[in-house]
Amino acid sequence: MPPISEPVYSEHLVPPPPVTVVVPARNEVPVLDYCLRGLRKQDHEPMRIVVVDDDSTDATAELAHRHARIDPRITVVATAGPPPGWAGKTHAMHVGVQAAGAGQPGEWLAFIDADTEPAPQLVTRLLATAAELDADLVSTPGGPPAGASLVWSLLMPPGTQLICENAAPDGRRGRKAFAIGHCILVRRTYFDKIGGWGALAELGNEDIALATAVRDAGGRTRTVRSLDTLTSHGMDPFDRGWSSFRKSFSVGTQGSIPLLVGAGIAHLAFGLTPPAALITGWHGRRRWLIAAGVVAWGAQGVAHARAAQAMGATARSAPAAPLAWTLVGGLFLDAARSVRRGAMQWKDRPLAALRRRQ
């Protein structure tokens with residue numbers, strides 16, 4: 003996979019640019035407190051925070067308002083859910099930008115998931131990185147929380163490799179530019195130039211869509227590895243991480259069942275080939291087949307270790323690379339099953355990007 007850059011460690015920019023943080027939140031009571039506490043501790047000023055309650059059925063709105071009463075920088079707005087033609091999260095972020103009003107000179111927009119936990123230096127670090135790299139969009143993944151599930155060691159490495167095959171972290175290669183929806187900082191002028199979220203209303207993989215649109219409009223995009231400034235709680239427990247990848251694969255293939263089934267079979271074969279070669283070679287006493295199995299297993303393990311380290315997961319899971327790819331094959335097939343049954347949802351809603359095919 004293409005390398006993900008390290009962030010720039012720098013002092014505060016002078017003068018500090020204004021930053022508007024938009025946090026879309028739907029049924030996020032278990033994690034929203036971590037996110038808002040982290041944002042309130044940011045060492046960057048001036049900053050305002052817009053929390054968008056996306057038609058939650060739990061106490062998300064009450065929790066957000068509790069923080070707003072303590073910190074005047076926080077504004078809470080609510081939506082009744084996305085209108086036709088909009089994906090839920092994309093619409094919530096659109097509402098947040100609209101609530102923030104017209105852009106200020108030099109303003110940056112930060113879109114941060116409600117299930118993340120920002121460290122105090124997150125915004126400052128991303129702004130310094132953007133200034134040093136002359137970037138108009140900077141993104142970082144969130145690192146694993148304490149006691150992270152097996153999603154991080156088994157699904158995250160091959161999933162990251164698959165995404166990076168089609169989207170470049172440096173934004174200069176490939177058909178698409180890479181960004182991670184956990185945390186995206188974008189220059190307001192470029193956000194407005196591409197038409198904002200309204201131009202990407204129906205897209206499920208809104209992070210990559212935004213980065214690609216900024217790049218295609220002449221901007222520079224970078225994804226950096228600033229895992230010490232952001233923790234992601236959105237991939238745990240295991241079934242939630244599985245559902246997240248299943249959604250991404252479904253949207254990435256536009257819900258094409260033939261593509262999903264084909265990818266599932268291909269990745270099952272890819273994962274099972276090294277151990278199958280070793281077992282067959284051992285029983286048949288064919289040294290060349292044993293050697294081929296060892297080389298294939300080793301190559302998968304090296305790539306797995308690199309991707310795991312890039313996402314903050316342990317590289318000790320590298321020997322399980324064939325198992326990881328086999329699970330990815332199962333993910334694709336599970337996505338095909340869900341699409342065929344019309345049961346593909348995210349946050350209890352049908353995916354807008356797939357509704358067009360039904």
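Numbering (the working numbering), first residue to last: 3 to 360. Every residue gets a Cβ at the ideal spot worked out from N, C-alpha and C, and that includes glycine.
Discussion item. At the level of alpha carbons, what is the spacing between residue 51 and residue 267?
Written reply: 45 Å
Practice prompt. Answer with buried or exposed for residue 44, where buried requires no fewer than 16 other C-beta atoms within 10 angstroms of its C-beta.
Written response: buried
Discussion item. Residues in the same chain with beta-carbon distance under 8 Å from residue 61, minus the five sequence neighbours each way, listed in chain order, please.
Written reply: 31
Item to complete: With a cut-off of 8 Å on the beta carbons, I'd call residue 159 and residue 265 a contact; round off their distance for me.
Response: That belief does not hold up - the Cβ atoms of residue 159 and residue 265 are roughly 17 Å apart, past 8 Å.
Item to complete: Determine the DSSP secondary structure at residue 152, reduced to helix, strand or coil.
Response: coil
Discussion item. How far does the beta strand (DSSP E) with residue 112 in it extend, from its first residue to its last?
Written reply: 110-114
Worksheet item: Hey, residue 138 and residue 216: beta-carbon distance below 7 Å or not?
Response: yes
Worksheet item: If you scan the region 206-276 from start to end, which runs of the beta strand (DSSP E) of 3 or more residues do you find wholly inside it?
Response: Contiguous beta strand (DSSP E) elements confined to the region 206-276 occur at 223-225 and 232-234, taking only those with 3 or more residues.
Worksheet item: Based on Cα-Cα distance, which residue from 185, 301, 192 and 336 lies nearest to residue 324?
Response: 301
Discussion item. Are the CB atoms of residue 151 and residue 247 within a distance shorter than 7 Å?
Written reply: No. Outside cutoff.
Discussion item. Check this for me: beta carbons of residue 53 and residue 78, under 7 Å apart or not?
Written reply: yes
Practice prompt. Give the range of the alpha helix (DSSP H) segment to which residue 335 is assigned.
Written response: Where residue 335 is concerned, the enclosing alpha helix (DSSP H) starts and stops at 323-342.
Practice prompt. Decide if the region 214-231 is in contact with the region 190-199; the criterion is three or more beta carbon pairs, one per stretch, under 8 Å apart.
Written response: yes
Practice prompt. Indicate whether residue 55 and residue 89 have their beta-carbon atoms separated by less than 7 Å.
Written response: Their beta carbons are not under 7 Å apart, which means residue 55 does not touch residue 89 by this criterion.
Discussion item. Does the contact criterion of 3 or more C-beta pairs under 8 Å hold for the region 242-259 versus the region 143-157?
Written reply: By the criterion of at least three beta-carbon pairs nearer than 8 Å, the region 242-259 is in contact with the region 143-157.
Worksheet item: So what does DSSP say about residue 62, is it helix, strand or coil?
Response: Residue state, collapsed to three classes: helix.
Practice prompt. Pair every Cβ in the region 334-341 with every Cβ in the region 252-264, then say whether three or more of these pairs are closer than 8 Å.
Written response: Yes: the two stretches touch, three or more of their Cβ pairs being nearer than 8 Å.
Discussion item. Please state whether the Cβ-Cβ distance between residue 117 and residue 236 is less than 7 Å.
Written reply: yes
Item to complete: Using only alpha-carbon positions, find the residue among 251, 42 and 213 that is nearest to residue 346.
Response: Of the candidates 251, 42 and 213, the one whose C-alpha sits nearest the C-alpha of residue 346 is 251.
Worksheet item: In whole angstroms, what is the alpha-carbon distance linking residue 178 and residue 110?
Response: 22 Å
Discussion item. So, under 8 Å CB-CB, residue 299 and residue 276 are touching, yes? Tell me the CB distance rounded to an integer number of Å.
Written reply: 4 Å
Worksheet item: Do residue 225 and residue 141 come within 7 Å of each other at the CB atom, strictly closer than that value?
Response: yes
Practice prompt. Sort out for me which residues DSSP pairs residue 120 with in a bridge.
Written response: BP columns for residue 120 point to 232.
Worksheet item: Does the beta-carbon of residue 17 have 16 or more other beta-carbons within 10 angstroms, so that it is buried, or is it exposed?
Response: exposed
Discussion item. Within the continuous alpha helix (DSSP H) that includes residue 194, where are the two ends?
Written reply: 190-195 is the span of the alpha helix (DSSP H), which, as asked, contains residue 194.
Discussion item. Taking 6 Å as the limit between beta carbons, can you name the residues of its chain near residue 213, skipping five residues before and five after?
Written reply: 139, 179, 181 and 223
Worksheet item: DSSP on residue 347, reduced to helix/strand/coil?
Response: If DSSP states are grouped into helix, strand and coil, residue 347 belongs with the strands.
Worksheet item: Exposed or buried, what is residue 84 when buried is set at 16 or more other beta-carbons lying within 10 Å of its beta-carbon?
Response: buried
Item to complete: Starting from the C-beta of residue 338, find all residues in its chain whose C-beta is less than 6 Å away, skip the five residues before and the five after it, and write them out in chain order.
Response: Here the set comprises 259, 262 and 263.
Worksheet item: Going straight from the alpha carbon of residue 297 to that of residue 279, what length do you get?
Response: 10 Å
Discussion item. For residue 112 and residue 294, what's the separation of their Cα atoms in angstroms?
Written reply: 47 Å
Discussion item. So, with DSSP's three-state summary, where would you put residue 56?
Written reply: strand
Discussion item. As an exercise, report each continuous alpha helix (DSSP H) stretch of at least 4 residues that is fully enclosed by the region 124-184, in chain order.
Written reply: 124-135 and 158-168
Discussion item. Tell me the DSSP secondary structure of residue 313 in three-state form.
Written reply: coil
Discussion item. For residue 23, list the residues DSSP reports as bridge partners.
Written reply: 51 and 112
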